[in-house]
Amino acid sequence: MQSLFGFTLNQLKEVAVQVGLPSFAAKQMADWLYKKHATSIDDFSNISKQGREKLKLNYEVGLQPYLKVQQSVDGTRKYLFAALNNNFIETAMIPDDDRRTVCVSSQVGCKMGCHFCMTAKQGFQASLTATEILNQIRSIDEFEQVSNLVFMGMGEPFDNLAEVMSALEVLTSDWGYAMSSKRITVSTVGVIPGMMEFLQKSKCHLAVSLHNPIAAQRSQMMPVEKAYGIEQVIEKIRGYKFEPQRRVSFEYIMFDGLNDTPKHVAELVRLLNGIDCRVNLIHFHDIPNSPFRGSSDQRMQEFKDALNARGLLTTIRASRGQDIQAACGLLSTKELLEKKKG
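For the sequence shown, my numbering gives the first residue as 7, with consecutive numbering after it.
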């Protein structure tokens, strides 16, 4: 049984043709799925009963509830969803005044192998469908209050480009959720082909996981450096003409003694020279059996001040949900381990 939820308008038109419905039924289905929040094909009341019965032979709406939710003292909530082959994915909801930002996963596990990431330690299991990506938003308790989305959860979005782009189409199209592209950010470790297609076909913001401006050091932390060097990634970004109000930012997890020295300040300034961007400094959340240790709060502040003094807009991202293992991969890994024990 295929899920209709997550289908683009063109895909819904193909479904309509398959079951003998008029082409305008695709727009009707989209309205039920994304405007009226239908949970069953039986809800599609302006489609004939005969048409609905034909749809139900091979299709369902396909929403899936979350399995568990944990809430932090700071209001952050971490949702756990089931995925194929007895795996799990995570979704975080981060409240901030009147904003509700949802951090979405795009894969089960990840191929990129970043040494400081718990998701990478799971290995790659599967890429999520647009249905599974969007279900993380639709099926959380705060669905109707969601104001912002970040594709910064489990997986590398541009290693699953087609499904991520379909999800973005549903999110931003008038026939879908009609969400402003200015409220959506997609993160990448620097997978250049996917990044360039995303820049050309979407208007959403881009975030690049940089973490070290020195290529030789970055390759020791992030194996993707060997395939897509950060210098090359930055040159592609520098050569792309960004539309007004479309942002590019650089994520920078700070590690004690590894990427938080004055030399790294100088290299960041050199690397990002001429790019209108923001650098987000991020606290490292400890993960089991990791040799990495996060920089101190004082060191992060000094690093931030040094970059700002050199003209590079830099902020420190507030840590959220530490008491509920909100860092990517921790909750799903715990669930996998408990399942194996059971």
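Don't be surprised by glycine CBs; every beta carbon is placed ideally from N, CA and C.
Would DSSP call L318 helix, strand or coil? Numbered from its first residue, the sequence shown carries residue 318 at position 312. Looking at L318 - three-state DSSP - the assignment turns out to be coil, as it is neither helix nor strand.
Of the choices G300, I281, D282 and P229, whose alpha-carbon is the least far from that of Y258? Your numbering for residue 258 matches position 252 in the sequence shown. The candidate whose alpha carbon is nearest that of Y258 is G300.
Closest by CA to V285, which one among C116, V75, R316 and L264? By one-based count along the sequence shown, residue 285 stands at place 279. Cα-wise, what sits closest to V285 is R316.
Suppose contacts are defined by Cβ-Cβ distances below 8 Å. Is F398 in contact with F122 by that definition? Nothing can be reported for residue 398: it is not among the residues displayed for the chain, which extend from 7 to 348.
Evaluate A36 with the Cβ neighbour count: other Cβ atoms within 10 Å of its Cβ, from every protein chain shown; 16 or more gives buried, anything less gives exposed. Here the question's residue 36 lines up with position 30 in the sequence shown. With 16 or more Cβ atoms within 10 Å of its Cβ, A36 is classed as buried.
Where F94 falls: helix, strand or coil (DSSP): Taking the first residue of the sequence shown as 1, we reach residue 94 at position 88. Here F94 sits in strand by DSSP.
Only counting the same chain, and skipping five residues up and downstream in sequence, which positions put a Cβ closer than 8 Å to that of V271? What you label residue 271 is simply residue 265 of the sequence shown in a count that begins at 1. Around V271: F309, A312, L313 and R316.
As assigned by DSSP and simplified to three states, the class of M35: By one-based count along the sequence shown, residue 35 stands at place 29. Helix.
Do you know how far the Cα of E162 is from the Cα of M118? Here residue 118 refers to the residue found at position 112 when the sequence shown is read from its first residue. Here residue 162 refers to the residue found at position 156 when the sequence shown is read from its first residue. Computed Cα separation, rounded: 7 Å.
Just checking my contact of C109 with M158 at CB under 8 Å: how many whole Å lie between their CB atoms? In the sequence shown, the residue the question calls residue 109 occupies position 103. In the sequence shown, the residue the question calls residue 158 occupies position 152. Rounded, the Cβ-Cβ distance is 5 Å, consistent with contact.
Residue span of the beta strand (DSSP E) that contains T191, given as start and end: The residue you call residue 191 lines up with position 185 of the sequence shown. Here the beta strand (DSSP E) through T191 covers I190 to T194.
So, does the region 215-227 touch the region 248-258, judging by three or more C-beta pairs under 8 Å? yes
Any chance you could list the alpha helix (DSSP H) runs of at least 4 consecutive residues sitting entirely within the region 35-71, in chain order? 55-64
Continuous alpha helix (DSSP H) stretch holding N141: start and end: Translated into positions along the sequence shown, residue 141 becomes position 135. First-last of the alpha helix (DSSP H) with N141: A136 to R144.
Exposed unless 16 or more other CB atoms sit within 10 angstroms - verdict on L63: One-based indexing of the sequence shown puts residue 63 at position 57. L63 should be labelled exposed.
Pick from G26, G57, W38 and R326: whose alpha carbon is nearest that of G12? Along the sequence shown, read from residue 1 onward, the residue named residue 12 stands at position 6. When each option's Cα is compared against that of G12, the closest is W38.
Measure how close the beta-carbons of I322 and L277 come, nearest whole angstrom, since I'm counting them as under 8 Å. The sequence position of residue 322 within the sequence shown is 316, counting from 1. The sequence position of residue 277 within the sequence shown is 271, counting from 1. Between L277 and I322 the Cβ distance is about 20 Å, and since that is not below 8 Å, they are no contact.
Residue-level contact to chain D via CB, K209, 8 Å cutoff: Absent here is chain D; the protein component of the structure consists of one chain.
Short check: CB of R253 to CB of H211, under 8 Å? As a first step, residue 253 is located in the sequence shown; it is residue number 247 there, counting from the start. As a first step, residue 211 is located in the sequence shown; it is residue number 205 there, counting from the start. Yes, these two residues count as a Cβ contact at 8 Å.
Whole-number beta carbon distance between L140 and A173, since they are thought to touch under 8 Å: The residue you call residue 173 lines up with position 167 of the sequence shown. The residue you call residue 140 lines up with position 134 of the sequence shown. So it is a contact: roughly 5 Å between Cβ atoms.
Top-ranked residue by Cα proximity to Q77, from A32, V152, T97 and A89: Position 71 of the sequence shown, counting from 1, holds the residue named residue 77. Nearest option by C-alpha distance: T97.
State the beta-bridge partners of I288 as determined by DSSP. Walking along the sequence shown from the start, residue 288 turns up at place 282. Answer is I259.
Are S153 and L15 touching if we call contact CB-CB under 8 Å? Numbered from 1 along the sequence shown, position 147 holds the residue referred to as residue 153. Numbered from 1 along the sequence shown, position 9 holds the residue referred to as residue 15. No; because the gap between Cβ atoms is not below 8 Å, this pair is not in contact.
Pair within 8 Å by beta-carbon distance, G200 and F164: Stepping through the sequence shown from its first residue, residue 200 is reached at position 194. Stepping through the sequence shown from its first residue, residue 164 is reached at position 158. In this structure, F164 lies closer than 8 Å to G200 by Cβ.
Within 10 angstroms of the Cβ of E241, are there 16 or more other Cβ atoms? Answer buried if so, exposed if not. Working through the sequence shown from its first residue, we reach residue 241 at position 235. Its Cβ having fewer than 16 others within 10 Å, E241 is exposed.
Do I220 and E273 come within 8 Å of each other at the CB atom, strictly closer than that value? To locate residue 273, count along the sequence shown from 1; it is residue 267. To locate residue 220, count along the sequence shown from 1; it is residue 214. Contact: yes.
Can you grab the Cα-Cα spacing for the pair D85 / Y234, in whole Å? Stepping through the sequence shown from its first residue, residue 85 is reached at position 79. Stepping through the sequence shown from its first residue, residue 234 is reached at position 228. At residue 85 the sequence reads Tyr, which differs from the Asp that was named. Rounded to the nearest angstrom, the two C-alpha atoms are 32 Å apart.
Take Y237 and list the residues in its own chain whose beta-carbon comes closer than 8 Å to its own, dropping the five residues that flank it on each side. Translated into the one-based positions of the sequence shown, residue 237 becomes position 231. Correcting the residue identity first, residue 237 is Glu in this sequence and not Tyr. So the list reads A221 and L277, once near-sequence residues are dropped.
Measure from the alpha carbon of E59 to the alpha carbon of each residue in P71, N92, N52 and D48, then state which is nearest. For the purposes of this step, residue 59 is taken as residue 53 along the sequence shown, with counting starting at 1. That would be D48, whose Cα lies nearest to the Cα of E59.
Secondary structure at Q128, three-state DSSP: helix, strand or coil? Here residue 128 refers to the residue found at position 122 of the sequence shown. Residue state, collapsed to three classes: coil.
Residues bridged to P101 [DSSP beta-bridge criterion]: Counting from one through the sequence shown, the residue named residue 101 turns up at place 95. DSSP lists R106 as partners of P101.
Own chain partners of N52 with C-beta closer than 8 Å, once the 5 adjacent residues on each side are dropped: Here the question's residue 52 lines up with position 46 in the sequence shown. Excluding sequence neighbours, N52 sits near Q34.
Apart from the five residues on each side of it in sequence, which residues of its chain come closer than 8 Å, Cβ to Cβ, to R106? The residue labelled residue 106 in the question sits at position 100 within the sequence shown. Answer for R106: M99, I100, E148, Q151, V152, S153 and N154, listed in chain order.
Using beta-carbon positions only, say whether N93 and Q131 come within less than 8 Å of one another. If you number the sequence shown from 1, residue 93 lands on position 87. If you number the sequence shown from 1, residue 131 lands on position 125. In contact: N93 and Q131 (Cβ atoms closer than 8 Å).
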